[in-house]
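So for the sequence shown, the numbering used here puts the first residue at 1181; every next one is plus one.
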Amino acid sequence: MSSLSKKNIDVGDASAWSVYKRLLGYVKPYAGWFFLSILGFGLLAASSVLFVKILENLVNVVAANDPTDRYLVPLQVIGATLLRSVGAFVGIYLMSRIAFNIIHCLRVEVFNHMTQLPNATFDEKNSGNLISIITYNINGVTAAATDALKISLREGLTVIALFGYLLYTDWRLTLVFIVIAPVIGWIVGVVGKRLRRLSNKVQNTVGDLTQVTGEMINGFKVMRSFGGEDYEKQRFESVSKKNLQQNMKIVVTSAANTPLIQLIIACAIGLLIFVALSFMELKDPASFVAYMTSVAGILPAMRKLGEVAPTILKGVAAADSVFTLLDSDTEKDEGKYQVARARGEVEFKDVMFAYPNQTEIALNKINLRVKAGEVIALVGKSGSGKSTLVSLLNRFHDANSGNILIDDVPITDYQLRNLREQIALVNQQVTLFNDTVAGNIAYGSLHTRTLVEIRKAADAAYATEFIEQLPDGFNTLIGESGARLSGGQRQRLAIARAILKNAPILILDEATSALDNESEHYIQAALEQVMQGRTTFVVAHRLSTIEKADRILVLEDGEIVEQGTHTQLLAAKGAYSRLHARQFHDDADGLEEVPAI
Ligand code: ADP
């Protein structure tokens, strides 16, 4: 994960171990299945020894040339295979079942955590990276948990079983093997580490792929109209190529790993055979063949164990970034105060705010007392702090100093959910979910509302007419991101949502995009409805909204430089009148035409 975790992890690292231990913690609820699964793999490993034993029998039978024995060995082969199959099924099935259950838990945990991340985290991290934690990193964990664990258990137990057999058959020769084994292990370890160092710098570039693709798909209109196709193609080509190179690094190291390990082990076996042929008495050819078959059987098992390391490594790295996200702070919610419905008085007391990691102050010396039901229009140049000011109210960010109070209670004393229940938000960019129209109006905690209430809200938002013209009326499914609705219609749905919420405080970020006259008329009317009887903060772009506000705040570089009504401020000939002249001179006539309802 490029931005979440740049740590390099090695199998033997303490950090890798702690990540693995934490991952194993998720196995706890499935301890029963886990032991059964180990039992399955145990059967499988035991069958390897049985096969060696059967081979020994076969050699003896052939040597004795006794026709009465011809049924025994075939039956043994079938029996041992049956045992192996049952063991493999039980082991693999249960282990996969555990792994997929863990993945499910982890995925849900991560998603739930994401819903509680502070705004700053969403601002900081690009959406592609956050999405790829769920789609890519958790899959990496799956690979480690399923494949790696399965292979480790299956091959590990096979090695142990065959090794036990070796000891049992000829402990002296096996002692030689035991002397050689740590040396082999050491060489394999050193070689593996060298190779891994090459792939250590590999970072996940899938997040970048997701990001670029997402931007292209969401912004295809901009891309088309500005001829950005080549730019996007080239951008994608370069991140995809980077991903290819990163993958090749991993492939090169793991591809070189296996043959090298094989060669080293083959040398060891060669040495063992040499020792056996030179110094041991070879009275029993059958058991000697069986012995060497076991030694040779350990070879592929060890090879597969060696191959597992990169998968585990990738899984641990993936799990690490998943855990890093899970450990990141959620929104602070320490307040206890709750109110059924606030009156809607709002006060800013000497509020100062700077975005995290920014030296520039976004808001400074904000002092403001707003009566319940008052409509406050915020105006000012882009970047003057209007959106920031309203975003402090529902604690999307917390002020660095000063206090914000609702009904004389600091907002940090409110329980976060309760605070946000007091505030309805209508954004410029209306977010619609893949649900029915009714479901979109009654979104979230509003889902308990009846259709009658939803209809009433839609009426007040001047939305019923167009909703009823949709194929299934209120039950019409809105396609992904509401593609079938016009900008004005989407805004009216958002207003209906706010009306249904019926909160005492309203935050309105007026759309800057101009709508056709009819939509403009409806929106204006709908806005008047939703503002009624609510303390309203409106980031205003329309002259009509500004004119009708009880008070206008003019912001400049994060400070309130002027406040008053439209007429007062025009007469003062200060910042507002300059802004007014510049912004509304040309199109004021057009805006004035919009009938006020
Ligand atoms: P307005 O709504 O008046 O256009 P904003 O409140 O969006 O202004 O921005 C005020 C200042 O804060 C600007 O300088 C802007 O660059 C900065 N800013 C806004 N959002 C962020 C953010 N998420 N992270 C860092 N700085 C931000």
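Ideal Cβ placement from N, Cα and C applies to all residues, glycine included. Fair warning: this is a prediction, and the values are worked out from it, not measured in the lab.
Here S1564 carries a coil assignment [DSSP, helix/strand/coil]. Sequence-distant Cβ neighbours of S1571 in its own chain, meaning closer than 8 Å and more than five residues away, are N1299, H1577. According to DSSP, S1420 shares a beta bridge with no other residue. For D1303, the three-state secondary structure derived from DSSP is helix.
Under the DSSP definition of a beta bridge, M1532 partners with S1581.
A straight line joining the alpha-carbon of D1615 with that of S1228 spans about 56 Å. The nearest non-hydrogen atom of the ligand ADP is 8 Å or more from the C-beta of V1718. By the neighbour-count criterion, in which a residue is buried when 16 or more other Cβ atoms sit within 10 angstroms of its Cβ, L1274 is buried. A direct Cα-Cα distance of roughly 54 Å separates A1489 from A1691. According to the DSSP assignment, N1240 belongs to the alpha helix (DSSP H) that extends over 1211–1244.
For G1408, the shortest C-beta to heavy atom distance toward the ligand ADP is 8 Å or greater. Here L1543 carries a strand assignment [DSSP, helix/strand/coil]. In the pairwise beta carbon analysis, the segment 1555–1570 is classified as touching the segment 1706–1718: at least three pairs are separated by under 8 Å. When rounded, the separation of the alpha-carbon atoms in L1353 and D1327 is 34 Å. Taking C-beta separations shorter than 7 Å and ignoring five residues to either side along the sequence, the partners of I1726 in its chain run A1557, V1559, A1720, I1732, H1746, following chain order.
Between T1568 and N1574, the alpha-carbon positions lie close to 11 Å from each other. For the options A1683, L1216, G1387, L1337, the alpha carbon positioned closest to that of K1484 is the one of L1337.
In this structure, the beta-carbon distance from Q1709 to S1724 does not fall below 9 Å.
The DSSP assignment places 1644–1649, 1667–1681 as complete runs of the alpha helix (DSSP H) inside the segment 1637–1709, in order along the chain (cut-off: 4 residues).
According to the DSSP assignment, E1395 belongs to the alpha helix (DSSP H) that extends over 1386–1398. At the C-beta level, G1259 and F1221 stay beyond 9 Å of one another.
The three-state reading of DSSP puts T1510 in coil, since its state is none of H, G, I, E or B. Following the DSSP letters along the chain, one finds A1279 in no beta strand (DSSP E) but inside the alpha helix (DSSP H) bounded by residues 1252–1295. Taking the Cβ of Q1296 as the reference point, every heavy atom of the ligand ADP lies at 8 Å or farther away. Within the same chain, and ignoring the five residues on either side of Y1756 in sequence, the residues whose Cβ sits closer than 6 Å to its Cβ are V1734, E1742, L1749. Going by beta carbons, I1621 and A1638 fall inside the 9 Å limit. The alpha-carbon of G1320 is positioned some 5 Å away from that of G1495.
Within the same chain, Cβ atoms closer than 6 Å to the Cβ of D1513 are found at L1596, the five residues on either side in sequence being excluded.
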